[in-house]
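K.L.:
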Amino acid sequence: MKHIIRSLFVILLLLFVTVSCYRDIGNYDYTPLPEIRISSKDTIYVKQFDTLHLGVEVDFDGQPANEYDFEWRIWANTVGGEDKKKSIGTNKELVYYTTESPGSYTLVLTCRNKETDVKVYKEITLLIQGTISEGWMVLQEKNGKTDFDLIMTPFISKRIEKDVILSDLYESVNGEPLKGKGVKIGSYYALGRYQYVTILTEDGGVRLSAVTMQKTYDIPTLMLDKKPLKVENYFYFPYYWCLGRGSEVIISDGRYYINEMLGKGFTEPILKGGETYKSSRWAPRWLWTYKGMIYDELKGRFLGIKAPMLTATSLPEAVGRICDWNDMKASLRYIETGFKHYEYALMEDWNTHQLTLYVFNFDAKNNFDVAKYSADHCPELDQALYYAVGERGNIFYYSTGKDIYLYDYIGTNTSKKVYTVKDGELITNMKILKPTLHKIVPNHPYDNKVLILSTHNERTGEGKVYMYYFNESNGEIDFGSEKVFSGFGRIIDMDYNFPKYGT
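Residue numbering for the sequence shown follows this note's numbering, starting at 178 and increasing by one per position.
#1: So if DSSP puts residue 607 in a beta bridge, which residue, or which two residues, is it bridged to?
#2: My assumption, with CB atoms under 8 Å, is that residue 434 sits in contact with residue 390. Please give the rounded CB distance.
#3: Looking at the unbroken beta strand (DSSP E) that takes in residue 583, where does it start and where does it end?
#4: Mind checking residue 636: buried by the 16 CB within 10 Å criterion, or exposed?
#5: Counting only the same chain and skipping the five closest in sequence on each side, list residues whose C-beta sits under 6 Å from that of residue 187.
#6: Which first and last residues belong to the beta strand (DSSP E) in which residue 346 is found?
#7: Go ahead and pull the three-state DSSP assignment for residue 263.
#8: For residue 411, collect the residues of the same chain with a Cβ closer than 6 Å to its Cβ; drop the 5 residues on either side in sequence, then sort them by chain order.
#9: Straight-line CA distance for residue 239 to residue 255?
#10: Between the alpha carbons of residue 327 and residue 589, how many angstroms are there, rounded?
#11: Return the CA-CA distance between residue 387 and residue 628, expressed in angstroms with no decimal places.
#12: So what's residue 414 in DSSP terms, helix, strand or just coil?
#13: Buried or exposed: which applies to residue 447, given that a residue is buried once 16 or more other Cβ atoms fall within 10 Å of its Cβ?
#14: Taking C-beta to C-beta, are residue 380 and residue 403 nearer than 7 Å?
#15: Could you give the residue range of the beta strand (DSSP E) that holds residue 469?
#16: Distance check for residue 241 and residue 644, CA to CA, integer angstroms please.
#17: Going by DSSP, what residues sit across from residue 288 in a beta bridge?
#18: Using the C-alpha atoms, what's the distance from residue 398 back to residue 479?
#19: With a 10 Å radius around its C-beta and 16 neighbouring C-beta atoms as the bar for buried, classify residue 306 as buried or exposed.
#20: Tell me the DSSP secondary structure of residue 482 in three-state form.
#21: Give every residue of the same chain whose Cβ lies closer than 6 Å to the Cβ of residue 382, excluding the five residues on either side of it in the sequence, and list them in chain order.
#22: Using DSSP's beta-bridge definition, name the partner residues of residue 660.
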């Protein structure tokens, strides 16, 4: 009985409390939250490396605007993209230099009440359009850091309407500085689909997409023998007779590494009989029967690399020829593909130190020699630091740092001074624009018609790039065409960046 009475008492008490709460209309003050509304376009377009200015309309529902703060965030609309979101602004109007790679992104503006911490969000789709195209890459050291700029100019491209320089491209796109001092920059373009930029540094280097400049590999991960890199050179060469064949080469500490098209990494060829060699930093590129070719500085000889095991062997015997390519008794000062796709090799005799220009045709099965020119009498050739060889005529420039000479090897077999840099400047690089890739890119309006120099002023620390048109048949420079780009640091190397395939 007591249990029943106790239960009834509890029920009555609960009913009393419920009714009391229901009738309580004056014990608390409830302030309705303001209805904040954010208005803007749902989709925004911007070009990569342009500054995005994005304003929004915010209705604070009668509340003071200074009671609110803002934050803009961005992430890619890809798998896992939201996990990499980043904050890019804290003002109502967004002003943002767009370095993200082309693609679709989500922008979110958060409007937060500072007192209540109540937040309102506005989500916007951002579509970034690519701007990286055909241009001239400039690897430089500035303010203690190595990076590269891309010069896009109508001076060397019909695709470009006005001069644009994209600065510090590696760090801008990848969000990290390059490690180590720069050594070499080069481009790779194969089958119209595979486009890379390779930057080599004292600490290794990186491979980038040539279209977005996003890092795809650290170079040391592509070195199959895992030996430390001491980079001397990098280049890519296509195989003229087959679109699906070509190789890229790294020369490191006297070793020649080759990575065939679509290969898994760089491999050092095997020499028969356990022989040793020391690769020159220069090597032939226009080949037929060989996968690659080494100039061995130890024995003064060319070594051909053959498939399928990438074995390096001596070339066929040179009986009754102009020279013995298996025993040159000389150091290779420089070699580059030139007129008629021959290789032009400047060599210094080991004993006499006399200079000779040899012309080779490695597009043949044997009998590679074409011509031989004594170059020992050319002024300051023994002091030359940079060279540039034309492919549309018998063009051979060389530079001492202050002056540029044109070597008329086919005519007078003498050279004449054709250029002197401005006071205070020294030449740090010299190249001829060579944008064609034969069957893949067979024609270009400026192919072998532009001489490009880089200089450095030790006093001011400024680097410059000079571009000149020249007569591709005789090498005469058109000084009236001079185009100058300034504001660089110490320029280490330069190379051409191919346009995106299909453009």
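Cβ coordinates follow ideal geometry from the N, Cα and C atoms, glycine included. What you are looking at is a predicted structure, and each value in this text was computed from that prediction instead of being measured.
P.N.:
Reading off the structure:
#1: 630, per the DSSP bridge assignment.
#2: At roughly 24 Å, the Cβ-Cβ gap does not stay under 8 Å, so residue 434 and residue 390 are not in contact.
#3: 580–585
#4: exposed
#5: A caution first: residue 187 carries a pLDDT of 46, below 50, which makes its placement in the model unreliable, though a value can still be read off. If we look at residue 187 and ignore the five residues flanking it on each side, it has no Cβ neighbours.
#6: Judged by DSSP secondary structure, residue 346 falls outside any beta strand (DSSP E) and instead within the alpha helix (DSSP H) spanning 346–351.
#7: strand
#8: Answer for residue 411: 361, 363, 375, 377 and 427, listed in chain order.
#9: 39 Å
#10: Cα to Cα, residue 327 sits roughly 39 Å from residue 589.
#11: 23 Å
#12: strand
#13: With fewer than 16 other beta carbons inside 10 angstroms of its own, residue 447 counts as exposed.
#14: Cβ distance not < 7 Å, so residue 380 and residue 403 don't count as in contact.
#15: 469–473
#16: 58 Å
#17: Partner(s): 247 and 297.
#18: 29 Å
#19: exposed
#20: strand
#21: 376 and 396
#22: 644
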